[in-house]
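Below you'll find the structure, written out as structure tokens, and then a few comments.
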Amino acid sequence: MSNSQAIFVTGTNTGVGKTMLSAYLARVFSEAGWPVSYHKPIETGWTAHANDPLTVLAYAPATVIISGQRLKLPAAPAQAALSEGIELDFEDLLSKAKAASLSESLNIIEGAGGLLVPLTKSYCLIDLIEALNIPTVLVSSNELGCINHTALSLLALKARQVPVLGFLFSAKSNSAESAVLETNAGWIERLTGSIYLGELGDLSKKDAPETTIEPLTWFKEKI
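According to our numbering, the sequence shown is numbered sequentially starting from 6.
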């Protein structure tokens, strides 16, 4: 599995920018001539008019969408499934994600929530990531307090021997002085030995800070 053309996008929490990173990667690789597919094994809070595949398609229309489990309640996958009277099958989720990662295209697989969000009564998202064993990138939000949960997430991935490409920030917060926020990446690198990949600007705003990540350089060498 480690030689497949697939990338797992995970995050420290929900709402930190996983889908926007997935969309950005899909657009960059598509524009570079790569066939790209996107798979989200589980999406909660799903509606027909507002869901993550639609966001990806808005930025990268040529992306092939590989459907996953859709759940309406905006909650942890295990709880959202129970609210609909079902229980997710971990082996089924893993089988479908493996099939997606072995497709002929560059496949972007996006997780739900953070690493320890429960998928079933026995498995969390990190169990799925560990089983897939594909290059993984962690998204975090650059704000006061992010050193702790970003470092913990990276160390958890490394403890499972997941091939971590590195971490990136989706945006800066206004909760602290910018000079303080600019030191966060360095501390996280020092604490975890992981590589800081840059910052993803807000793709929906024309006046947002420029995106500094360069996926064509740091993914091509790894996958």
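Positions of the beta carbon are idealized from the N, C-alpha and C atoms, including for glycine.
Check	Outcome
Alpha carbon to alpha carbon, what distance is there between glutamate 89 and threonine 141?	30 Å
Please go through the same chain and pick out, in chain order, the residues whose beta-carbon is closer than 6 Å to the beta-carbon of proline 40, but skip the five residues on each side of it.	Ser110
Between Leu76, Lys45, Ala81 and Asn189, which has its C-alpha nearest isoleucine 61's C-alpha?	Sequence inspection shows valine at residue 61; the isoleucine mentioned does not correspond to that position. Measuring from the Cα of valine 61, the nearest candidate turns out to be Lys45.
Would DSSP call serine 158 helix, strand or coil?	helix
Report the rounded CA-to-CA distance for leucine 59 versus alanine 85, giving the unit in angstroms.	21 Å
Which whole-angstrom value is the C-beta distance of threonine 188 and threonine 17, which I expect to be below 8 Å?	Their Cβ separation, rounded to whole angstroms, is 18 Å, which puts threonine 188 and threonine 17 out of contact at 8 Å.
Taking the CB atoms as reference points, tell me whether threonine 15 and leucine 143 lie closer together than 8 Å.	yes
Buried or exposed for glutamine 166, please, with buried defined as at least 16 other CB atoms from any protein chain shown within 10 angstroms of its CB.	exposed
Between isoleucine 47 and leucine 93, how many whole angstroms is the CB-CB distance? I'm expecting something under 8 Å.	7 Å
Name the one or two DSSP bridge partners that leucine 111 has.	Val41
Helix, strand or coil for threonine 229? Go by DSSP, reduced to three states.	Here the chain has residues from 6 to 228 only, and residue 229 is not among them.
Are there three or more Cβ pairs, one per stretch, closer than 8 Å when the segment 120-134 is compared with the segment 20-37?	no
Which residues bound the beta strand (DSSP E) around glycine 116?	Per DSSP, glycine 116 belongs to no beta strand (DSSP E) and is neither H nor E.
Count the other CB atoms, across all protein chains shown, that sit within 10 Å of the CB of isoleucine 91; report buried if there are 16 or more and exposed otherwise.	exposed
In chain order, what residues of the same chain have a beta carbon less than 6 Å from the beta carbon of asparagine 8, not counting five sequence neighbours either side?	Note that asparagine 8 scores a pLDDT of 41, beneath 50, so its modelled location is shaky and nothing firm can be said.
Compute the Euclidean distance between the alpha carbons of leucine 120 and asparagine 153, then round it to the nearest angstrom.	14 Å
Where do the N-terminal and C-terminal ends of the alpha helix (DSSP H) with alanine 28 fall, by residue?	23-36
Can tyrosine 43 and isoleucine 113 be called in contact, C-beta distance under 8 Å?	yes
What would DSSP say about glutamine 10, mapped onto helix, strand or coil?	coil
Measure from the alpha carbon of isoleucine 70 to the alpha carbon of each residue in Leu137, Pro82, Glu115 and Leu87, then state which is nearest.	Glu115
Just the Cα atoms here: how many angstroms apart are proline 66 and alanine 31?	9 Å
If you measure between the beta carbons of serine 28 and leucine 208, is that distance less than 8 Å?	Residue identity check: residue 28 is alanine in the sequence provided, not serine. Yes, they are a contact pair.
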